[in-house]
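Those protein sequences? They're chains A and B, same order as listed.
Under my numbering, the first sequence has 48 at position 48, and the numbering climbs by one with no breaks.
Heads up, my numbering is the position in the second sequence plus 175, with the first residue counted as 1.
All remarks here apply to the structure that follows.
Protein chains: 2
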Amino acid sequence: MTDIIERVKATIRDVPDFPKEGILFKDITPVLASPALMKGITNHFANRYKDKGVDLVLGMESRGFLFGVPLAMALNASFVPARKPGKLPYHTIGYEYSLEYGTNRLEIHIDAIEQGQRVLVVDDLLATGGTAAATCKLVEQLHGELLACCFVVELGFLSGRDALKGIQVDSLVVY
Amino acid sequence: MTDIIERVKATIRDVPDFPKEGILFKDITPVLASPALMKGITNHFANRYKDKGVDLVLGMESRGFLFGVPLAMALNASFVPARKPGKLPYHTIGYEYSLEYGTNRLEIHIDAIEQGQRVLVVDDLLATGGTAAATCKLVEQLHGELLACCFVVELGFLSGRDALKGIQVDSLVVY
Numbered sequence: 001m002t003d004i005i006e007r008v009k010a011t012i013r014d015v016p017d018f019p020k021e022g023i024l025f026k027d028i029t030p031v032l033a034s035p036a037l038m039k040g041i042t043n044h045f046a047n048r049y050k051d052k053g054v055d056l057v058l059g060m061e062s063r064g065f066l067f068g069v070p071l072a073m074a075l076n077a078s079f080v081p082a083r084k085p086g087k088l089p090y091h092t093i094g095y096e097y098s099l100e101y102g103t104n105r106l107e108i109h110i111d112a113i114e115q116g117q118r119v120l121v122v123d124d125l126l127a128t129g130g131t132a133a134a135t136c137k138l139v140e141q142l143h144g145e146l147l148a149c150c151f152v153v154e155l156g157f158l159s160g161r162d163a164l165k166g167i168q169v170d171s172l173v174v175y
Numbered sequence: 176m177t178d179i180i181e182r183v184k185a186t187i188r189d190v191p192d193f194p195k196e197g198i199l200f201k202d203i204t205p206v207l208a209s210p211a212l213m214k215g216i217t218n219h220f221a222n223r224y225k226d227k228g229v230d231l232v233l234g235m236e237s238r239g240f241l242f243g244v245p246l247a248m249a250l251n252a253s254f255v256p257a258r259k260p261g262k263l264p265y266h267t268i269g270y271e272y273s274l275e276y277g278t279n280r281l282e283i284h285i286d287a288i289e290q291g292q293r294v295l296v297v298d299d300l301l302a303t304g305g306t307a308a309a310t311c312k313l314v315e316q317l318h319g320e321l322l323a324c325c326f327v328v329e330l331g332f333l334s335g336r337d338a339l340k341g342i343q344v345d346s347l348v349v350y
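Given below as structure tokens:
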């Protein structure tokens, strides 16, 4: 476990001043370029939840798709995409949340979760937690049972866990 | 092989009048909800390319991520995301292409492909082929060797193959 954490840490690329000046962005594309690391990350989370009866993995557009799909396949679970407004073709429910400037909205299909299904939420990054908290609200609206939110990277100094009070947060790499 | 084609066909959901009136949208979310189908699709393409020395799988934001990542992992290849403008943090190259209204642009990291690397392009859907053709141009710009473009669904009546002349097009399900 330590091994995969250290290997991911060593592979993430720091990009200064993205998306704006003063921010040091954690670029995960070198991780995507390594099938060994992708398998290591998938196995790490799959091992932690394989006995928890996960019914579905919910991944947020679009980088949550990158890690959520292989985890769902490894757990023999459904994958459900949470998407930006107007992207999902069937009937949806949505949740609006605040950003630094303006608001954002996340949607899932209304039939994506059945009552009582056990759900893992997966994203690449936990920053301020707004997107993850909105996703958890969608799980609640459809009466799913939320097991945990899993992140490949957590920026601890942004206190995203405060936005996810009462929810199990499971991050691979924490800065 | 026929089996996975028929099972995917039977699982795709037709949503009328999306994204606008008169269009019958092929909704793949029920396919994502089936880990057996996701593994079947991944194995289908992995078997076709396992002896072709694939170095990397290039998937287009955001639905190309859903099928490209597990295929890359199955082929022990790198996954490279092609993204909308301003999303990738490091230095990029881009290609602009025309849509029905206005233009779109797709970008990849400038170090995403090394000269001569063997590339599979993967997306969920081949419609008019604009996005796929732009992605192929990016592979060409970085001097990658394009093996084929793989799609889970092809809308044959939109003649997307015309936009991909000289390129091998490999679709699982064709309407």
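For each residue, glycine too, the CB sits at the ideal point set by N, CA and C.
Predicted, not measured: the structure shown is a model, and the values here were computed from it.
Q) Does the beta carbon of A:D162 come closer than 8 Å to any beta carbon on chain B? A) no
Q) How would you write the range of the alpha helix (DSSP H) that B:A221 sits in, first residue to last? A) 210 to 224
**Q.** Against chain B: residues of the segment 36 to 55 of chain A by CB proximity under 9 Å
**A.** A36, M38, K39, T42
Q | B:V244 (DSSP reduced to helix, strand or coil) | A | helix
Q.
Which residue marks the beginning of the alpha helix (DSSP H) containing A:A112, and which one marks its end?
A. First-last for A:A112: undefined, no H or E at that position.
Q. For A:V69, which residues of its own chain have a beta-carbon under 6 Å away from its beta-carbon, when the five flanking residues on both sides are left out?
A. F79
Q) A:G64 and A:D123 look like a contact to me (Cβ under 8 Å); what is the Cβ gap, rounded to whole Å? A) 4 Å
Q: Measuring alpha carbon to alpha carbon, tell me which of A:V152, A:A46, A:M38, A:A72 ends up nearest B:L250.
A: A:M38
**Q.** Within chain B, partners of A:S171 - CB distance below 8 Å
**A.** What A:S171 touches in chain B: nothing, since even the nearest Cβ is about 20 Å away.
**Q.** Boundaries of the beta strand (DSSP E) in which B:P256 is found, first to last residue
**A.** 253 to 257
Q. For A:L147, does the count of other Cβ atoms within 10 angstroms reach 16, so buried, or fall short, so exposed?
A. buried
Q: Return the CA-CA distance between B:I187 and B:E329, expressed in angstroms with no decimal places.
A: 12 Å
Q | DSSP-derived helix/strand/coil call for A:A148 | A | strand
(Q) In whole angstroms, give me the CA-to-CA distance for B:E320 and B:A307. (A) 15 Å
**Q.** Range covered by the beta strand (DSSP E) that runs through A:K26
**A.** 24 to 27
Q) Between which two residues does the beta strand (DSSP E) carrying A:V139 extend? A) No beta strand (DSSP E) holds A:V139; the alpha helix (DSSP H) holding it covers 130 to 141.
Q) CB-CB under 6 Å to B:T303, same chain, minus the five flanking residues each way: which ones, in chain order? A) L333, G335
Q.
I want to verify the contact list: residues of chain A whose CB lies under 7 Å from the CB of B:N251, in sequence order.
A. P35
Q. Should the segment 277 to 294 of chain B be regarded as contacting the segment 255 to 263 of chain B, the criterion being three or more beta carbon pairs within less than 8 Å?
A. yes
Q: List the whole-angstrom C-beta distance separating A:V121 from A:L58, where the pair is believed to meet the contact cut-off of C-beta under 8 Å.
A: 5 Å
(Q) Is the beta carbon of B:V348 closer than 8 Å to that of B:I180? (A) yes
Q) Using DSSP with H/G/I as helix, E/B as strand and the rest coil, what is B:I187? A) coil
**Q.** Outcome for A:T103 when other beta-carbon atoms lying within 10 angstroms are tallied against a minimum of 16
**A.** exposed
Q: Write down the C-beta distance between B:P210 and A:M73 rounded to the nearest angstrom, noting that I regard them as a contact closer than 8 Å.
A: 5 Å
Q. Terminal residues of the continuous beta strand (DSSP E) containing A:I93?
A. 92 to 98
Q. With distances taken between CB atoms, is the gap from A:V152 to A:F25 smaller than 8 Å?
A. no
(Q) Would B:D230 and B:R293 be called neighbours here (beta carbons separated by less than 8 Å)? (A) yes
Q. Which class does B:G239 belong to by DSSP, given the choice of helix, strand or coil?
A. helix
Q: Return the bridge partner residues of B:L295 from the DSSP annotation.
A: B:V232, B:A323
**Q.** Whole-angstrom distance between A:E21 and B:P264, CA atom to CA atom
**A.** 12 Å
Q: Taking B:Y270 and B:L300 to be in contact with their CB atoms under 8 Å, please state how far apart those CB atoms are, rounded to whole angstroms.
A: Actually they are not in contact, since the Cβ atoms of B:Y270 and B:L300 sit about 19 Å apart, beyond 8 Å.
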